[in-house]
């Protein structure tokens, strides 16, 4: 059965590590739906959050292949239940004086923000779970959407456990 | 010496190689590696550089050396074309899990990324075919990068690592060095996993052992034989697993798979438990994944956890070194050896004598006349399969062949490496006319080094295995498989300074014996019937 998995991958913050991991997914035929990466609180490490589609076989293979990588320190599968999922949306919508109120009502309803006003368009920013972001986009579609930028998912486990080894010497 | 001379990057590289115990490296110089070659000149009494005719030959030689010596092979090439010429050799090492350290020069840091003369992003190119690679961007990283490369190449499942060194890094003064970072780790199964696995294994009524390259790489042939005896299990091997069990072991049935022996394949079909050790079930071994070992539970032992469930789902698995895991199982299995169940299968030792005049008969003759400690290297194609089917291997590492990548042109380079790793012992290279045409220049290298390499060119005037596939899969529409080359192999060998012999119209016995007793390199032309299949 095909599903979507969220993997949180801690990697050495090393030259070429993104290419290495992305290349691994590409050549083994795994489909990345989204990938975010940035340095962690310890600059020696980066955190990658990868959303990938596949069945249990694919998931097992991905985790094992990731664990073989010299630069990969840990791989953790996160679920909605035990982690906080967030994504950032920037969407630019065409707006005329007669539609502006409808758009602003949606912005209010979704707890989004207007980050740029111009004569014929509004740019809206929303940080939320991916399904909420998709819902806002669907609602906005009645107005011409000029551009959509989504960051892809990032996620952090709930609770008090630390995910990254401390800076050495600290 | 380095105490007297000021330390620069190149000297640091060479010192680190020596520190890692490297005695021989293979390579080809060029602009970007001039400083490294200059440092090698200074240490030429301690470390021997072998110049090949082509970087691909150097990479295969380092691979062959590593397989024969069971320690990392080292290859050095210049930037750009030097580096790209290594690619097939690195891929061959990757697919057969050979520890290899490839060092490449590159253009100075400031010229990187500008499409400079002889610049190639070799780290990018080799990312999918190395365990890891480095671009050394500061002189302080050199020692750690090289030492880590050796550690990674040898740890767990071995494989190639590439270190790319821009020229100015090799020339820069070297001060304090960062510490080596990588520490090898090998998975070890827990006691409980071992207990459960052993109990289930003991319940099998018709077990079969499948031995792969992991057993050869671990030198665990004797343990595998003990395990087979304890279980009363017939044994078959993949191409890479040949030699783990001696050919005359009563339980050994030979190679399985597409080109394997019928007895080995029948045993796999009939067994109720297949214990596969150090193999990844490639489609050459397990062609039809649904039908493969259709009545059997699959028990899998491998050093690489990612191999478990990758090609064939396992009913039970243990991850660790082949030898250690098998010893753990032996300690747990009931002591009296079980009565072998597979009496219906003819062991390899009692296989039928090949019909005279066939390529199999020639391989059989080579085997009968083998000299003590002789290694068999092959190229890729029908001759490789005939060798695997017919030759009786007695020890791990006796056969050296490109199994996973199947790289035609592997043979001569690899033979050079093997001959250097096993001085004083003969190397027989079984090759085909097409394979040898690819990289025959390394015969000149063998001559320059006066290596005891006996080349046997099984000449079927074309690309035999491709022709066979066209017959089987393309309705006999043969195309681009009979190039019409008219190479006179005997004269070619002589022109390159080797001895040339021909089997045409001669007694194979006499010629093969002569080939195997010639002091330096010798090439024997062996015409074979182009209609023979593998």
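Chains as they are written, first to last, in this note's numbering: chain A, 1357 to 1526; chain E, 72 to 605. Beta carbons: idealized from backbone N, C-alpha and C, even for Gly.
Residue i versus residue j: straight-line alpha-carbon distance, rounded
i	j	result
residue 1380 of chain A	residue 1475 of chain A	45 Å
residue 1463 of chain A	residue 378 of chain E	50 Å
residue 264 of chain E	residue 1505 of chain A	49 Å
residue 506 of chain E	residue 218 of chain E	35 Å
residue 114 of chain E	residue 105 of chain E	14 Å
residue 607 of chain E	residue 220 of chain E	The structure shown does not extend to residue 607 of chain E, since chain E is modelled only from 72 through 605, so no value can be given for it.
residue 227 of chain E	residue 184 of chain E	34 Å
residue 586 of chain E	residue 579 of chain E	10 Å
residue 1467 of chain A	residue 1396 of chain A	28 Å
residue 316 of chain E	residue 153 of chain E	39 Å
residue 1370 of chain A	residue 1399 of chain A	10 Å
residue 275 of chain E	residue 135 of chain E	38 Å
residue 72 of chain E	residue 245 of chain E	Low confidence applies to residue 72 of chain E: its pLDDT is 45, below 50, so where it sits in the model is not reliable enough to give any reading.
residue 511 of chain E	residue 343 of chain E	47 Å
residue 477 of chain E	residue 451 of chain E	6 Å
residue 1526 of chain A	residue 1430 of chain A	For residue 1526 of chain A, the pLDDT reaches just 40, beneath the cut-off of 50, and the residue's location in the model is therefore unreliable, although a value from the coordinates is still provided. About 21 Å.
residue 74 of chain E	residue 80 of chain E	Its pLDDT being 49, under 50, residue 74 of chain E is placed unreliably in this model, and the value from its coordinates should be taken loosely. Straight-line Cα distance between these residues: approximately 14 Å.
residue 111 of chain E	residue 175 of chain E	14 Å
residue 180 of chain E	residue 281 of chain E	49 Å
residue 1454 of chain A	residue 187 of chain E	58 Å
residue 366 of chain E	residue 386 of chain E	13 Å
residue 102 of chain E	residue 206 of chain E	18 Å
residue 238 of chain E	residue 177 of chain E	6 Å
residue 1515 of chain A	residue 1372 of chain A	32 Å
residue 614 of chain E	residue 479 of chain E	There is no way to answer for residue 614 of chain E, as the model of chain E reaches only from 72 to 605.
residue 284 of chain E	residue 311 of chain E	4 Å
Pick from the options that is closest to residue i, judged by C-alpha positions
i	options	result
residue 235 of chain E	E/301, E/585, E/581, E/195	E/195
residue 99 of chain E	E/129, E/440, E/109, E/396	E/129
residue 262 of chain E	E/597, E/402, E/375	E/402
residue 197 of chain E	E/222, E/500, E/156	E/156
residue 91 of chain E	E/124, E/328, E/216	E/216
residue 302 of chain E	E/321, E/290, E/309, E/279	E/279
residue 82 of chain E	E/108, E/97, E/93, E/437	E/108
residue 1416 of chain A	E/380, E/557, E/126, E/570	E/380
residue 563 of chain E	E/593, E/542, E/549, E/538	E/593
residue 307 of chain E	E/188, E/96, E/346	E/346
residue 1499 of chain A	A/1486, A/1456, A/1411, A/1414	A/1456
residue 247 of chain E	E/192, E/209, E/574, E/229	E/209
residue 118 of chain E	E/560, E/88, E/181, E/433	E/88
residue 1473 of chain A	A/1482, A/1485, A/1450, A/1458	A/1450
residue 354 of chain E	E/376, E/598, E/328, E/432	E/328
residue 541 of chain E	E/299, E/602, E/561	E/602
residue 122 of chain E	E/440, E/399, E/484, E/454	E/484
residue 391 of chain E	E/151, E/350, E/240, E/433	E/350
residue 201 of chain E	A/1366, A/1376, A/1402	A/1376
residue 120 of chain E	E/158, E/575, E/520	E/520
residue 369 of chain E	E/334, E/383, E/375	E/383
residue 400 of chain E	E/389, E/93, E/331	E/389
8 Å contact criterion, which residue i and residue j should meet: CB distance rounded
i	j	result
residue 339 of chain E	residue 364 of chain E	5 Å
residue 145 of chain E	residue 133 of chain E	6 Å
residue 1488 of chain A	residue 1447 of chain A	Contact doesn't hold; Cβ gap of about 13 Å is too wide.
residue 588 of chain E	residue 502 of chain E	Wrong, their Cβ atoms sit about 20 Å apart, outside the cutoff.
residue 372 of chain E	residue 356 of chain E	Residue 372 of chain E to residue 356 of chain E, Cβ: 15 Å. No contact.
residue 224 of chain E	residue 147 of chain E	That pair is no contact at about 15 Å.
residue 1404 of chain A	residue 1393 of chain A	5 Å
Extent of the continuous alpha helix (DSSP H) to which residue i belongs
i	result
residue 1486 of chain A	1486-1496
residue 1473 of chain A	Note, residue 1473 of chain A: premise wrong, no alpha helix (DSSP H); beta strand (DSSP E) at 1469-1473.
residue 1424 of chain A	1412-1424
residue 219 of chain E	213-225
residue 567 of chain E	Careful: residue 567 of chain E lies outside any alpha helix (DSSP H) and carries neither H nor E.
residue 323 of chain E	Where residue 323 of chain E is concerned, there is no enclosing alpha helix (DSSP H), although the beta strand (DSSP E) it sits in stretches over 323-326.
residue 108 of chain E	105-113
Element boundaries [beta strand (DSSP E), containing residue i]
i	result
residue 528 of chain E	524-530
residue 431 of chain E	Not the beta strand (DSSP E): residue 431 of chain E falls in the alpha helix (DSSP H), residues 430-439.
residue 93 of chain E	No beta strand (DSSP E) contains residue 93 of chain E, which DSSP labels as neither H nor E.
residue 1442 of chain A	1439-1450
residue 120 of chain E	119-122
Proximal residues of chain D, C-beta to C-beta of residue i below 7 Å
i	result
residue 1400 of chain A	The chain labelled as chain D is not found among the protein chains of the depicted structure, namely A and E.
### Message
Residues of the region 189-213 of chain E in Cβ contact with chain A at a cutoff of 9 Å, in chain order, please.
### Response
194, 195, 198, 199, 202, 203, 204, 205, 206, 208
### Query
Mind listing which residues of the region 379-400 of chain E have their C-beta closer than 9 Å to chain A's C-betas, in chain order?
379, 380, 381, 384
### Message
Any C-beta of chain A within less than 8 Å: which residues of the region 247-264 of chain E qualify?
### Response
253
### Query
Taking any Cβ of chain A, which residues in the region 214-235 of chain E have a Cβ under 7 Å from it, in chain order?
223
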